[in-house]
Structures are given as C-alpha cells and as structure tokens.
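Everything on this sheet refers to the single structure shown next.
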Amino acid sequence: MGYCPPVTRCIGTVLRLDCIQDIIWRTEMKVNDRVSVKTDGGPRRTGNILAMEPFNEGTMFLVALEDYPLGIWFFNETNQPDGIFVEPCQDA
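If you read the sequence shown in my numbering, its first letter stands for residue 50, the second for the next number, and so on.
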C-alpha cells in the first residue's frame with residue numbers, strides 16, 4: 050500500500066482522505082448531514098450529525114438515531130478503514 054497523507058480538517062467540516070491505488074478521494078461531512086452508522090450485530094442505521102469533535106486519531110460524531118434522538122457518539126479513526134463507523138448516507 051502506498052503512502053496516505055494525513056487527514057485534513059477545518060472547523061465544522063471533516064475531510065476524509067483515502068488512498069486507493071494512488072487515487073485520493075475525500076468525503077466531507079458536517080453538522081446536520083444525513084449519515085449511516087455501523088453498529089454491532091446489525092445493519093447500518095441512518096441519522097443526522099448533531100456535533101463533531103476532531104482529535105489527532107480521528108473524529109468523534111454525535112449522531113441522532115431513531116432510538117437515540119439526543120444522540121450517541123461514534124468515532125472515525127484516521128487512516129483505518131476498519132475504524133470508520135460514520136459515512137455519508139447513500140440515499141436512493
């Protein structure tokens with residue numbers, strides 16, 4: 050696998066950079082965006098981002114789900130595909 054540059058962040062927006070055969074693509078997510086989250090033992094669930102908090106190792110997302118309308122925290126790890134729990138919703 051080639052070199053993956055660090056994640057670039059700015060307040061209110063998170064940019065996720067991924068390396069796939071030297072192609073770098075980014076996904077921007079911000080507060081109020083519709084997202085899907087990976088949960089234990091079940092299908093992905095959809096919700097809205099209520100808050101975001103960047104860290105050196107990744108980003109915390111507070112996501113409102115149907116069962117948790119006040120939100121539940123999910124962590125996306127930087128440069129770890131298995132550590133990505135929050136992704137933009139792919140509405141049909």
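Every residue gets a Cβ at the ideal spot worked out from N, C-alpha and C, and that includes glycine.
Going by DSSP in three states, residue i sits in which element: helix, strand or coil?
i: R65; result: Low local confidence applies: a pLDDT of 44 at R65 is under 50, so the model's placement there is unreliable, and no value is given.
i: P130; result: helix
i: G90; result: coil
Return the residue from the list the options that minimises the CA-CA distance to residue i.
i: K87; options: V112, A100, K79, N128; result: V112
i: Q129; options: D89, E115, N105; result: N105
State buried or exposed for residue i, treating a residue as buried only when at least 16 other CB atoms are found within 10 Å of its CB.
i: N125; result: buried
i: G107; result: buried
Once the 5 residues before and after residue i are set aside, which same chain residues still bring their CB inside 6 Å of it?
i: V80; result: I98
i: A100; result: L111
So, at 8 Å on beta carbons, what are the nonlocal neighbours of residue i in its own chain, with the 5 sequence-adjacent residues on each side left out?
i: R83; result: T95, G96, N97, P137, C138, D140
Write down the C-beta distance between residue i and residue j rounded to the nearest angstrom, noting that I regard them as a contact closer than 8 Å.
i: M109; j: E115; result: About 20 Å separates the two Cβ atoms, so there is no contact after all.
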